[in-house]
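So the sequence shown is numbered by my numbering: it starts at 2 and just counts up by one. Cβ coordinates follow ideal geometry from the N, Cα and C atoms, glycine included. Quick caveat, the model's predicted, so the values are computed rather than measured. I have placed the structure first, in the form of structure tokens, so that the comments after it can refer back to it.
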Amino acid sequence: CLSRATLLGAAVLISAASPIAANAANGTWGGDASGAWSTASLWSGSVIPGATTTNSNTTSSAAFSATATNSDVATFNTTLTAGRTITGAVGGSRILSGITFNHSDNFAYSLSQGALFLSNGGTVQQISSSGTKTDGLSFLGGIFLQSDSATSTGSYTFDASGNSTSLLSIGGGTIRGTASTGKAYTLNLTGSNTGANAITYQLNDGFNGGVLNLVKAGTGKWQITSTAAATGTVTINAGTLETTASNVLSTFSDIAFANTSGANLTLTTFGQEIKSISGGGSTGGNISLGSLVLTITGTNDTTYGGVISGATGQLVKKAGSSGTLTLTGTNTFTGAVTINAGTISVGTIGNQNANGNLGAGTNFVLAGGTLKYTGSSASTTRTFSQSTSTNSTIEVTDSNATLEISGVSSGSGNLTKTGAGKLTLSANNT
2 CLSRATLLGA AVLISAASPI AANAANGTWG GDASGAWSTA SLWSGSVIPG
52 ATTTNSNTTS SAAFSATATN SDVATFNTTL TAGRTITGAV GGSRILSGIT
102 FNHSDNFAYS LSQGALFLSN GGTVQQISSS GTKTDGLSFL GGIFLQSDSA
152 TSTGSYTFDA SGNSTSLLSI GGGTIRGTAS TGKAYTLNLT GSNTGANAIT
202 YQLNDGFNGG VLNLVKAGTG KWQITSTAAA TGTVTINAGT LETTASNVLS
252 TFSDIAFANT SGANLTLTTF GQEIKSISGG GSTGGNISLG SLVLTITGTN
302 DTTYGGVISG ATGQLVKKAG SSGTLTLTGT NTFTGAVTIN AGTISVGTIG
352 NQNANGNLGA GTNFVLAGGT LKYTGSSAST TRTFSQSTST NSTIEVTDSN
402 ATLEISGVSS GSGNLTKTGA GKLTLSANNT
């Protein structure tokens, strides 16, 4: 039996197989017992959900040519007196449209062995209203999220809507597709549970070019804890998406925020490198850095209006990131802003420790990029430094505006002033 941090499968893959017919048979686990999925007497009415396939469990794209779709749902709602392990189709697989955990006790179900194919539109959910447990899946042959055909898209949901101590923890391998280039799969993380619901598998694009998009919905929280290689968009519409390991968000992924109260990205333990941030606003769509670093790597132009917070947290525009990031929110993070390439555009630059578009830090670093100021006349006590052997720019766009920087500037890099406005450096600079 797995521990309370029960994980989902050795691999979580998206299959773009051609559908074939399968018998429909919803099933409910009928006893307070461990046992084999294939034992009919352990299911209510002896109805075993999920057709069986002998499809290969390897990660070769050729393995997905003969899988089936299925509308079966397996439900686990028996009150338990101990943790229970359900072993799947050893050497084969189960094909389902859903798995539901809904039992009111303090013990967890652990599903293991074989492989699981989750049909397009399928849902794995924890909806228990009471109890303390973490239900999960560990189909060692993999969990495959399956579209209807190689040329179609797919949408799948992991739903943690149980009470705050009834959790769903999913992970331990990869999630990957086999659809053709230009097709996208969407994995929805939803639910109202604000506990530590976790995804620990690796997010990957498909074998044949399809991309994986991730959507955070619902008011609850999901943690992502494994390195990602997917290039699709991550959309945070509601609730909290929390990162707890390095590179769990891809450097090729755009992170888009809804302007919705409670829609948050929280970094813990490790900083993250992502392609871009966009969306958010005065209502929500915020980023919490803590003491960590958020690095922007992309060449695209985006506007972000949420609030970036975090004591000593830092924002970095990475070398090669030629795009423009426009910040319009009243940011409160207190670490430095470093511009190695591209442009960060702001309408306010407050004094040291004052909140504003550029955060609430005491300094910024120019290391080959551009700080673009679009506001009216203003003065700031912030200091800035220029990295050695770099060519950096401060642009003041408004012809009627003067930006005065009274903090000390230091460093031996080259600084160019552009724009119709005026720039005044009034300190004894070094």
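{"query": "Are the Cβ atoms of residue 263 and residue 285 separated by less than 8 Å?", "result": "yes"}
{"query": "Rounded to a whole number of angstroms, what is the C-alpha to C-alpha distance between residue 385 and residue 247?", "result": "29 Å"}
{"query": "DSSP on residue 262, reduced to helix/strand/coil?", "result": "coil"}
{"query": "Just confirm the distance between the C-beta atoms of residue 340 and residue 367, as a whole number of angstroms; I'd bet it's less than 8 Å.", "result": "6 Å"}
{"query": "So who's on the other strand from residue 397, going by DSSP bridges?", "result": "374"}
{"query": "Are the beta-carbon atoms of residue 28 and residue 50 separated by less than 8 Å?", "result": "yes"}
{"query": "Quick check: residue 231 and residue 189, are their CB atoms within less than 8 Å of each other?", "result": "no"}
{"query": "To the nearest angstrom, how far is the alpha carbon of residue 224 from that of residue 371?", "result": "34 Å"}
{"query": "Flag residue 258 as yes if its beta-carbon sits less than 8 Å from any beta-carbon of chain D, otherwise no.", "result": "The question asks about chain D, but that chain is absent: this structure has only one protein chain."}
{"query": "Of the residues 26, 329, 314, which one's Cα is nearest the Cα of residue 303?", "result": "329"}
{"query": "Would DSSP call residue 46 helix, strand or coil?", "result": "helix"}
{"query": "Which class does residue 368 belong to by DSSP, given the choice of helix, strand or coil?", "result": "coil"}
{"query": "Express the C-alpha separation of residue 229 and residue 187 in angstroms, rounding to a whole number.", "result": "15 Å"}
{"query": "Out of 96, 322, 209, point me to the one whose CA is closest to residue 275's CA.", "result": "322"}
{"query": "Taking only three categories from DSSP, how would you classify residue 425?", "result": "strand"}
{"query": "By a C-beta neighbour count over all protein chains shown, 10 Å radius and 16 as the cutoff for buried, is residue 83 buried or exposed?", "result": "exposed"}
{"query": "Which runs of the beta strand (DSSP E) spanning at least 3 residues fall entirely within the region 146-202, listed in chain order?", "result": "155-161, 167-171, 185-191, 198-200"}
{"query": "Out of curiosity, what's the CA-to-CA distance linking residue 289 and residue 408?", "result": "27 Å"}
{"query": "Check for me: the beta strand (DSSP E) holding residue 1 runs from which residue to which?", "result": "The chain is shown from 2 up to 431; residue 1 falls before or after that span and cannot be answered."}
{"query": "When you compare only the Cα positions, how much space is there between residue 160 and residue 48?", "result": "25 Å"}
{"query": "Based on the DSSP secondary-structure assignment, which residues constitute the bridge partners of residue 113?", "result": "88, 139"}
{"query": "Can you determine whether any heavy atom of the ligand FAD sits closer than 7 Å to the C-beta of residue 194, and answer yes or no?", "result": "Within the structure as shown, the ligand FAD is missing, as the structure has no ligands at all."}
{"query": "Measure from the alpha carbon of residue 412 to the alpha carbon of each residue in 404, 38, 392, then state which is nearest.", "result": "392"}
{"query": "Would you give the residue range spanned by the beta strand (DSSP E) that residue 409 belongs to?", "result": "First-last for residue 409: undefined, no H or E at that position."}
{"query": "What do you get for residue 258, buried or exposed, if any count of 16 or more other CB atoms within 10 angstroms of its CB means buried?", "result": "buried"}
{"query": "So the candidates are 170, 310, 88; which of them puts its Cα closest to the Cα of residue 40?", "result": "88"}
{"query": "Per DSSP, what kind of secondary structure is residue 34 in: helix, strand or coil?", "result": "coil"}
{"query": "Less than 8 Å between the CB atoms is what I'm expecting for residue 419 and residue 396, so what's the real figure, rounded?", "result": "4 Å"}
{"query": "What are the boundary residues of the beta strand (DSSP E) that includes residue 240?", "result": "Where residue 240 is concerned, there is no enclosing beta strand (DSSP E), given that its DSSP letter is neither H nor E."}
{"query": "Strictly by DSSP, which residues pair up with residue 97?", "result": "119"}
{"query": "In terms of DSSP beta bridges, what is residue 356 paired with?", "result": "Answer is none; residue 356 lacks a bridge partner."}
{"query": "Look at the Cβ atom of residue 220, then the Cβ atom of residue 239, and state whether they are nearer than 8 Å.", "result": "yes"}
{"query": "Looking at C-alpha atoms only, which residue of 74, 70, 85 is the closest neighbour of residue 37?", "result": "85"}
{"query": "Could you tell me which of 193, 222, 176 sits nearest to residue 211, measuring between CA atoms?", "result": "176"}
{"query": "Exposed or buried, what is residue 464 when buried is set at 16 or more other beta-carbons lying within 10 Å of its beta-carbon?", "result": "Shown here, the chain extends from 2 to 431; a query on residue 464 therefore has no answer."}
{"query": "Please classify residue 415 as buried or exposed, where buried requires at least 16 neighbouring CB atoms within 10 angstroms.", "result": "exposed"}
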